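Counting from 0, one number per residue, gives the positions in the sequence shown under numbering that gives the first Met the number 0.
For each residue, glycine too, the CB sits at the ideal point set by N, CA and C.
Just so it is clear, the structure is predicted and the values come from calculations on it, not from any experiment.
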Amino acid sequence: MLRFIYQGFSTLVKQNPLKNGFRFENQNLTWTFGEFDTHSSAFAYGLIEQGWKQGDKLMLLLGRSNTSEAATTFAGAAKAGVITVPFRSNDPNEIEKTISIVNPKGIVFSPNQLIGETKFIEILKNLVPETTQTQSGESLKSSKFTNLKWLIHTGFYSYPGTYKFRESLVYASRNFNRLSLPSVTGPVTAQLRNGQLQTYTYQDLAKMSEKVQGSKHVIISGDPQTVTNFSIVVGGLERGYNTVLTGADNVNKVQKILKYYDNYSLVVDDSVLSEQQQSVDVNNLQTLFTVGDVNKAQNVFQKQAIQI
């Protein structure tokens with residue numbers, strides 16, 4: 000097993016730089032292992048230029064459709080030694096409480112994601128009113144969240160006090176690169192459990208993904224920004240399978256995507272299965288995994304499910 004995530008990229012890219020490693024179905028985007036390495040390194044270099052240090056925490060509040068951004072943010076932050084903390088809630092009060100507990104240096108978010116009937120950018124303005132007094136691209140000085148310096152969004156428009164995701168990417172030339180990536184041995188991601196952060200190293204994620212092997216493709220449906228799905232990304236880097244993120248929010252959309260693949264494993268969560276009443280016929284499905292209700296997954300796909 001590889002010890003550092005950057006070593007993992009270097010080894011795999013050297014051996015298979017042109018092999019398709021990632022497919023983001025809802026964005027109609029395919030990246031080779033080499034391209035994913037380049038984009039994630041660009042995010043890592045962007046964090047380093049902003050002054051991020053190993054052990055800093057970066058919260059993820061991304062929409063389900065931001066599949067490439069979720070994978071790039073996780074991998075890039077991990078290369079820089081920054082701990083990603085994925086979180087999802089439709090309760091503004093819970094979001095505020097979680098930001099206080101996590102104490103992140105920054106947040107990557109989808110500005111148009113609806114929290115109830117309100118866009119997240121509007122909720123963020125209420126939580127961090129200092130954004131209106133901060134120029135776009137400048138670091139924040141929040142009185143409520145004193146450690147919060149950077150708000151990075153995936154949208155098209157500029158918002159005061161925020162930084163565009165695509166503008167945070169620094170594509171360093173191999174020949175003229177002044178930046179370097181650290182050797183990361185500590186945690187690379189975390190999730191909140193009972194008010195406490197549970198952290199995971201690269202090795203932890205690689206071990207979590209050991210169940211998912213033997214298939215040509217591993218297809219992730221549902222929420223792209225979870226620790227489990229980050230472990231699937233790591234598994235692809237370790238073992239070379241093609242990681243597919245659907246961005247789909249229901250089984251019918253997932254089923255339309257599956258027909259284009261052979262020799263695949265599928266990872267589902269309850270958010271995709273919640274409104275599904277009838278069973279789904281799928282061809283070429285080797286192994287079914289779920290991060291939620293095993294019985295529900297088995298009833299929908301008529302196949303034994305393994306919980307991960």
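- Item | Whole-angstrom C-beta distance between V183 and G80, which should lie under 8 Å | 4 Å
- Can you give the Cα-Cα distance for E48 and S220, rounded to whole angstroms? 33 Å
- Query: Hey, quick one: how far does the alpha helix (DSSP H) through I307 stretch, first residue to last?
  - Reply: It is not in any alpha helix (DSSP H) - I307 carries neither H nor E in the DSSP assignment.
- Message: Output needed for F288: all residues of its chain with C-beta closer than 8 Å, excluding positions within five of it in sequence on either side, in chain order.
- Response: K210, V211, S264, L265, V266, V267, A304, I305, Q306 and I307
- Write down the C-beta distance between E68 and L60 rounded to the nearest angstrom, noting that I regard them as a contact closer than 8 Å. With 8 Å as the limit, E68 and L60 do not qualify as a contact, their Cβ atoms being about 11 Å apart.
- Expressed to the nearest angstrom, what Euclidean distance is found between the alpha-carbon atoms of Q112 and T10? 37 Å
- Item | Run of the beta strand (DSSP E) containing F32, from where it starts to where it stops | Counting along the chain, F32 falls outside any beta strand (DSSP E), though it belongs to the alpha helix (DSSP H) covering F32 to Q49.
- Query: Is DSSP giving A247 helix, strand or coil here?
  - Reply: coil
- Query: What did DSSP end up calling P128 once you bin it into helix, strand or coil?
  - Reply: helix
- Item | Start-end ranges of the beta strand (DSSP E) lying completely within the region 207-248, minimum 3 residues | 216-219 and 241-244
- Query: Are the CB atoms of D269 and V290 nearer to each other than 9 Å?
  - Reply: yes
- Looking at C-alpha atoms only, which residue of Q297, S142 and V232 is the closest neighbour of D280? Q297
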